[in-house]
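Residue numbers (full-length UniProt numbering): 1 to 309.
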(Lines of atoms letter the chains of each structure in order from A and count residues from 1; the text may use other names and numbers.)
(Lines give C-alpha, C1' and ligand atoms only; values in the text may rest on other atoms or scores of the structure.)
Protein backbone atom coordinates (compact mmCIF):
# COMPACT_ATOMS: atom_id res chain seq x y z
CA UNK A 1 0.00 0.00 0.00
CA UNK A 2 1.49 3.36 -1.05
CA UNK A 3 1.78 6.02 1.63
CA UNK A 4 0.53 9.59 1.33
CA UNK A 5 1.15 12.25 3.97
CA UNK A 6 -1.22 15.21 4.09
CA UNK A 7 -0.59 18.43 6.00
CA UNK A 8 -3.73 20.47 6.48
CA UNK A 9 -6.78 21.70 8.28
CA UNK A 10 -9.68 19.86 9.83
CA UNK A 11 -12.80 21.88 10.43
CA UNK A 12 -16.33 21.05 11.38
CA UNK A 13 -18.59 22.04 8.48
CA UNK A 14 -21.74 23.85 9.61
CA UNK A 15 -23.81 23.65 6.44
CA UNK A 16 -27.04 25.53 5.79
CA UNK A 17 -28.92 25.09 2.53
CA UNK A 18 -30.79 28.12 1.14
CA UNK A 19 -32.83 29.04 -1.92
CA UNK A 20 -29.99 31.37 -2.90
CA UNK A 21 -26.93 32.95 -1.33
CA UNK A 22 -27.68 36.12 0.68
CA UNK A 23 -26.23 39.56 0.08
CA UNK A 24 -24.68 41.62 2.89
CA UNK A 25 -27.21 42.58 5.54
CA UNK A 26 -29.85 40.14 4.32
CA UNK A 27 -31.50 37.39 6.39
CA UNK A 28 -32.86 34.31 4.63
CA UNK A 29 -34.71 31.22 5.80
CA UNK A 30 -32.69 28.04 5.44
CA UNK A 31 -33.85 24.74 4.00
CA UNK A 32 -31.92 22.52 6.37
CA UNK A 33 -28.77 22.29 8.49
CA UNK A 34 -26.07 19.63 8.78
CA UNK A 35 -22.90 19.27 10.85
CA UNK A 36 -20.22 17.35 8.97
CA UNK A 37 -16.45 16.81 8.78
CA UNK A 38 -14.54 19.14 6.49
CA UNK A 39 -11.38 21.14 5.88
CA UNK A 40 -9.42 20.85 2.65
CA UNK A 41 -6.53 18.92 4.15
CA UNK A 42 -8.82 16.59 6.05
CA UNK A 43 -11.03 15.98 3.02
CA UNK A 44 -7.99 15.28 0.85
CA UNK A 45 -6.61 12.85 3.42
CA UNK A 46 -9.93 11.00 3.56
CA UNK A 47 -10.21 10.98 -0.24
CA UNK A 48 -6.74 9.45 -0.57
CA UNK A 49 -7.54 6.83 2.08
CA UNK A 50 -10.82 5.99 0.36
CA UNK A 51 -8.83 5.37 -2.83
CA UNK A 52 -6.56 2.87 -1.12
CA UNK A 53 -3.58 4.91 0.08
CA UNK A 54 -2.08 4.52 3.55
CA UNK A 55 -2.50 8.07 4.83
CA UNK A 56 -0.83 10.03 7.61
CA UNK A 57 -2.49 13.33 8.48
CA UNK A 58 -0.67 16.24 10.17
CA UNK A 59 -3.07 18.64 11.88
CA UNK A 60 -4.34 20.09 15.19
CA UNK A 61 -7.70 19.85 16.91
CA UNK A 62 -9.23 21.61 19.88
CA UNK A 63 -10.55 19.84 22.96
CA UNK A 64 -14.24 20.36 22.24
CA UNK A 65 -17.35 18.72 20.85
CA UNK A 66 -16.11 18.96 17.25
CA UNK A 67 -12.82 17.06 17.72
CA UNK A 68 -14.43 13.59 18.04
CA UNK A 69 -16.04 14.09 14.63
CA UNK A 70 -12.55 14.14 13.13
CA UNK A 71 -11.11 11.27 15.12
CA UNK A 72 -14.09 9.00 14.48
CA UNK A 73 -13.86 9.70 10.75
CA UNK A 74 -10.12 9.04 10.56
CA UNK A 75 -10.47 5.80 12.49
CA UNK A 76 -13.21 4.65 10.12
CA UNK A 77 -11.02 5.05 7.01
CA UNK A 78 -7.73 3.99 8.59
CA UNK A 79 -5.88 7.31 8.68
CA UNK A 80 -2.78 7.43 10.89
CA UNK A 81 -3.54 10.06 13.56
CA UNK A 82 -0.17 10.01 15.34
CA UNK A 83 0.48 13.59 14.16
CA UNK A 84 -3.02 14.94 14.80
CA UNK A 85 -2.45 16.92 17.99
CA UNK A 86 -4.85 18.40 20.54
CA UNK A 87 -4.78 21.96 21.87
CA UNK A 88 -6.91 22.14 24.99
CA UNK A 89 -7.03 25.95 24.99
CA UNK A 90 -8.38 26.42 21.47
CA UNK A 91 -11.41 25.46 19.44
CA UNK A 92 -11.37 22.96 16.61
CA UNK A 93 -11.57 24.64 13.23
CA UNK A 94 -14.99 25.44 11.81
CA UNK A 95 -16.36 26.31 8.39
CA UNK A 96 -19.70 28.04 8.03
CA UNK A 97 -21.05 27.02 4.63
CA UNK A 98 -24.06 28.33 2.73
CA UNK A 99 -25.24 26.17 -0.16
CA UNK A 100 -27.52 27.41 -2.93
CA UNK A 101 -30.09 24.60 -3.04
CA UNK A 102 -30.99 25.16 -6.68
CA UNK A 103 -27.56 25.66 -8.24
CA UNK A 104 -25.30 23.74 -5.86
CA UNK A 105 -22.95 26.74 -5.49
CA UNK A 106 -21.54 27.62 -2.08
CA UNK A 107 -19.92 30.35 0.01
CA UNK A 108 -17.64 29.50 2.95
CA UNK A 109 -16.15 31.30 5.98
CA UNK A 110 -13.38 29.42 7.81
CA UNK A 111 -12.10 29.81 11.38
CA UNK A 112 -9.03 27.54 11.57
CA UNK A 113 -9.05 27.38 15.37
CA UNK A 114 -6.26 25.15 16.70
CA UNK A 115 -4.80 24.72 13.22
CA UNK A 116 -3.88 28.40 13.17
CA UNK A 117 -1.39 27.49 15.90
CA UNK A 118 0.13 24.51 14.09
CA UNK A 119 3.87 25.26 13.89
CA UNK A 120 6.89 24.24 11.87
CA UNK A 121 7.92 22.25 14.95
CA UNK A 122 4.79 20.14 14.71
CA UNK A 123 5.61 19.47 11.06
CA UNK A 124 9.24 18.63 11.83
CA UNK A 125 8.00 16.06 14.34
CA UNK A 126 6.38 14.28 11.39
CA UNK A 127 9.50 14.36 9.21
CA UNK A 128 9.94 10.58 9.27
CA UNK A 129 6.36 10.13 8.06
CA UNK A 130 6.92 12.63 5.26
CA UNK A 131 10.21 10.98 4.30
CA UNK A 132 8.53 7.58 4.10
CA UNK A 133 5.77 8.76 1.79
CA UNK A 134 5.33 8.36 -1.94
CA UNK A 135 3.51 11.73 -2.13
CA UNK A 136 3.19 14.75 0.18
CA UNK A 137 0.10 16.97 -0.04
CA UNK A 138 -0.62 20.41 1.40
CA UNK A 139 -2.83 23.44 0.83
CA UNK A 140 -2.83 27.08 1.96
CA UNK A 141 -5.40 26.94 4.78
CA UNK A 142 -2.57 26.77 7.33
CA UNK A 143 -0.03 29.55 7.97
CA UNK A 144 2.11 29.83 4.83
CA UNK A 145 5.35 29.26 6.73
CA UNK A 146 4.02 25.93 8.01
CA UNK A 147 2.98 24.69 4.56
CA UNK A 148 6.29 25.86 3.09
CA UNK A 149 8.20 24.00 5.80
CA UNK A 150 6.35 20.80 4.94
CA UNK A 151 7.13 21.30 1.26
CA UNK A 152 10.83 21.79 2.02
CA UNK A 153 10.97 18.66 4.18
CA UNK A 154 9.39 16.64 1.39
CA UNK A 155 11.84 18.14 -1.10
CA UNK A 156 14.77 17.26 1.19
CA UNK A 157 13.72 13.61 1.11
CA UNK A 158 12.88 13.47 -2.60
CA UNK A 159 9.14 13.08 -1.97
CA UNK A 160 6.90 14.51 -4.74
CA UNK A 161 4.81 17.46 -3.57
CA UNK A 162 1.21 18.29 -4.49
CA UNK A 163 0.29 21.84 -3.54
CA UNK A 164 -3.37 22.74 -3.79
CA UNK A 165 -3.06 26.56 -3.55
CA UNK A 166 -6.36 27.16 -1.79
CA UNK A 167 -7.22 29.67 -0.59
CA UNK A 168 -4.91 31.38 -3.07
CA UNK A 169 -2.31 33.89 -1.93
CA UNK A 170 0.98 35.24 -3.21
CA UNK A 171 3.66 32.57 -2.92
CA UNK A 172 7.40 33.09 -2.47
CA UNK A 173 9.03 32.85 -5.90
CA UNK A 174 11.50 30.25 -4.66
CA UNK A 175 8.78 27.80 -3.62
CA UNK A 176 7.57 27.01 -7.14
CA UNK A 177 10.63 24.91 -7.97
CA UNK A 178 9.87 22.69 -4.96
CA UNK A 179 6.35 21.89 -6.21
CA UNK A 180 5.90 18.81 -8.38
CA UNK A 181 2.14 19.17 -8.92
CA UNK A 182 0.32 22.50 -8.57
CA UNK A 183 -3.48 22.16 -8.64
CA UNK A 184 -5.30 25.52 -8.67
CA UNK A 185 -8.82 26.06 -9.94
CA UNK A 186 -9.53 28.96 -12.32
CA UNK A 187 -9.86 31.65 -9.64
CA UNK A 188 -6.80 30.42 -7.74
CA UNK A 189 -4.74 30.31 -10.92
CA UNK A 190 -5.85 33.87 -11.71
CA UNK A 191 -4.77 35.02 -8.25
CA UNK A 192 -1.35 33.43 -8.70
CA UNK A 193 -0.58 34.73 -12.20
CA UNK A 194 -2.38 38.07 -12.02
CA UNK A 195 -4.64 37.80 -15.05
CA UNK A 196 -8.09 36.30 -15.76
CA UNK A 197 -8.23 32.54 -16.28
CA UNK A 198 -11.49 32.01 -18.14
CA UNK A 199 -10.91 31.21 -21.82
CA UNK A 200 -8.96 28.21 -23.10
CA UNK A 201 -6.14 30.52 -24.14
CA UNK A 202 -6.00 32.13 -20.71
CA UNK A 203 -5.93 28.72 -19.02
CA UNK A 204 -3.04 27.57 -21.21
CA UNK A 205 -1.19 30.85 -20.64
CA UNK A 206 -1.58 30.60 -16.86
CA UNK A 207 -0.35 27.00 -16.82
CA UNK A 208 2.65 27.91 -18.97
CA UNK A 209 3.50 30.80 -16.65
CA UNK A 210 3.35 28.61 -13.55
CA UNK A 211 5.66 26.11 -15.22
CA UNK A 212 8.06 28.88 -16.21
CA UNK A 213 8.24 29.79 -12.53
CA UNK A 214 9.54 26.30 -11.78
CA UNK A 215 6.56 24.03 -11.11
CA UNK A 216 7.06 20.69 -12.85
CA UNK A 217 3.40 19.82 -13.49
CA UNK A 218 0.45 22.22 -13.49
CA UNK A 219 -3.15 20.99 -13.30
CA UNK A 220 -5.80 23.72 -13.51
CA UNK A 221 -9.14 22.27 -12.48
CA UNK A 222 -12.06 23.61 -14.50
CA UNK A 223 -15.14 22.21 -12.79
CA UNK A 224 -17.55 20.56 -15.19
CA UNK A 225 -15.03 20.93 -18.04
CA UNK A 226 -12.36 18.79 -16.41
CA UNK A 227 -8.70 19.61 -15.82
CA UNK A 228 -6.06 21.21 -18.03
CA UNK A 229 -2.59 19.71 -17.63
CA UNK A 230 0.74 21.25 -18.62
CA UNK A 231 3.67 18.90 -18.07
CA UNK A 232 6.65 17.56 -19.99
CA UNK A 233 4.84 14.33 -20.86
CA UNK A 234 1.31 15.63 -21.48
CA UNK A 235 -0.35 18.90 -22.38
CA UNK A 236 -4.11 19.19 -22.79
CA UNK A 237 -7.50 18.50 -21.25
CA UNK A 238 -8.66 15.51 -19.27
CA UNK A 239 -12.47 15.76 -19.44
CA UNK A 240 -14.68 15.79 -16.38
CA UNK A 241 -16.68 12.69 -15.52
CA UNK A 242 -20.44 13.20 -15.41
CA UNK A 243 -21.63 10.73 -12.78
CA UNK A 244 -25.13 12.17 -12.37
CA UNK A 245 -27.01 15.28 -11.28
CA UNK A 246 -25.02 17.77 -9.20
CA UNK A 247 -26.16 17.96 -5.56
CA UNK A 248 -23.39 20.22 -4.28
CA UNK A 249 -19.78 21.01 -5.11
CA UNK A 250 -18.36 21.58 -1.62
CA UNK A 251 -15.68 18.87 -1.67
CA UNK A 252 -15.09 18.37 -5.39
CA UNK A 253 -11.63 19.93 -5.44
CA UNK A 254 -10.60 17.98 -2.37
CA UNK A 255 -11.87 14.75 -3.90
CA UNK A 256 -9.77 15.50 -6.97
CA UNK A 257 -6.59 16.24 -5.02
CA UNK A 258 -6.85 13.28 -2.66
CA UNK A 259 -7.54 10.84 -5.47
CA UNK A 260 -4.73 12.35 -7.54
CA UNK A 261 -2.31 11.80 -4.65
CA UNK A 262 -3.41 8.19 -4.17
CA UNK A 263 -3.13 7.41 -7.88
CA UNK A 264 0.30 9.00 -8.22
CA UNK A 265 1.48 7.23 -5.06
CA UNK A 266 0.66 3.85 -6.57
CA UNK A 267 2.67 4.67 -9.69
CA UNK A 268 0.08 5.77 -12.26
CA UNK A 269 1.20 8.26 -14.88
CA UNK A 270 -0.20 11.78 -14.68
CA UNK A 271 -3.01 11.48 -17.29
CA UNK A 272 -4.22 8.21 -15.75
CA UNK A 273 -4.04 9.68 -12.25
CA UNK A 274 -5.96 12.76 -13.41
CA UNK A 275 -8.68 10.59 -14.96
CA UNK A 276 -9.17 8.81 -11.64
CA UNK A 277 -9.20 12.16 -9.87
CA UNK A 278 -11.85 13.49 -12.27
CA UNK A 279 -13.99 10.41 -11.72
CA UNK A 280 -13.67 10.79 -7.95
CA UNK A 281 -14.66 14.45 -8.14
CA UNK A 282 -17.51 13.65 -10.52
CA UNK A 283 -18.96 11.13 -8.09
CA UNK A 284 -18.49 13.42 -5.10
CA UNK A 285 -20.71 16.19 -6.49
CA UNK A 286 -23.65 13.79 -6.81
CA UNK A 287 -23.78 13.52 -3.01
CA UNK A 288 -24.28 16.02 -0.20
CA UNK A 289 -21.42 17.22 1.96
CA UNK A 290 -17.64 17.10 1.74
CA UNK A 291 -16.03 14.09 3.47
CA UNK A 292 -19.38 12.30 3.50
CA UNK A 293 -19.59 12.63 -0.29
CA UNK A 294 -16.22 11.05 -1.04
CA UNK A 295 -16.56 7.79 -3.00
CA UNK A 296 -14.55 4.67 -2.28
CA UNK A 297 -12.18 2.96 -4.70
CA UNK A 298 -14.76 0.44 -5.88
CA UNK A 299 -17.17 3.22 -6.88
CA UNK A 300 -14.46 5.01 -8.86
CA UNK A 301 -13.41 1.77 -10.55
CA UNK A 302 -17.03 1.09 -11.52
CA UNK A 303 -17.48 4.61 -12.86
CA UNK A 304 -14.37 4.40 -15.01
CA UNK A 305 -15.19 0.88 -16.20
CA UNK A 306 -18.69 2.02 -17.17
CA UNK A 307 -17.34 5.04 -19.04
CA UNK A 308 -14.98 2.80 -21.00
CA UNK A 309 -17.75 0.51 -22.27
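Backbone N, C-alpha and C fix where the C-beta goes; we use that ideal spot for every residue, glycine too. Every value quoted in this text rests on a predicted model; they were computed, and no experiment measured them.
Beta-bridge pairing by DSSP links residue 33 to 16. Shown here for residue 100: same chain residues with a beta carbon closer than 6 Å to its own, the five before and five after excluded, namely 20 and 21 in chain order. The C-beta distance from residue 42 to residue 291 rounds to 7 Å, short enough to fall under 8 Å.
Separation of residue 36 and residue 254 (C-alpha to C-alpha, rounded to the nearest whole angstrom) is 15 Å. Here residue 138 is bridged, per DSSP, to 7 and 163.
The beta carbon of residue 131 sits closer than 6 Å to those of 157, all from its chain and outside the five residues before and after it, given in chain order. Only residues of its own chain outside the window of five on either side were considered, and among them 190 and 202 have a CB closer than 6 Å to the CB of residue 196, listed in chain order.
Residue 109 is bridged by DSSP to 96. Judged by DSSP in its simplified three-state form, residue 62 adopts strand.
A residue is called buried when at least 16 other Cβ atoms come within 10 angstroms of its Cβ; residue 242 does not meet this threshold and is exposed.
Ranking 235, 13 and 275 by CA distance to the CA of residue 112 puts 13 first. DSSP, reduced to helix, strand and coil, places residue 130 within a helical segment of the structure shown. Contact check between the region 144-151 and the region 271-287: fewer than three CB pairs, one atom from each, fall below 8 Å, which does not count as touching. Classified as buried, residue 303 has 16 or more neighbouring CB atoms from the shown chains inside 10 Å of its CB. Residue burial is scored here from C-beta neighbours: residue 230 has at least 16 other C-beta atoms within 10 angstroms and is therefore classed as buried. Beyond the five residues adjoining it in sequence on each side, residue 206 comes within less than 6 Å, by CB distance, of 189, 193 and 197 in the same chain, given in chain order. For residue 237, the beta-bridge partners assigned by DSSP are 228. Per DSSP, residue 82 is one residue of the beta strand (DSSP E) stretching across 80-87.
Per DSSP, the continuous beta strand (DSSP E) segment holding residue 220 begins and ends at 217-221.
Under the DSSP assignment, residue 123 falls in the alpha helix (DSSP H) whose first and last residues are 120-124. Across the set 15, 128 and 85, the C-alpha of 15 shows the shortest separation from the C-alpha of residue 96. By a beta-carbon distance limit of 8 Å, residue 9 contacts residue 115. Their separation comes to about 5 Å. In the structure shown, residue 182 adopts extended strand secondary structure according to DSSP, grouped into three states.
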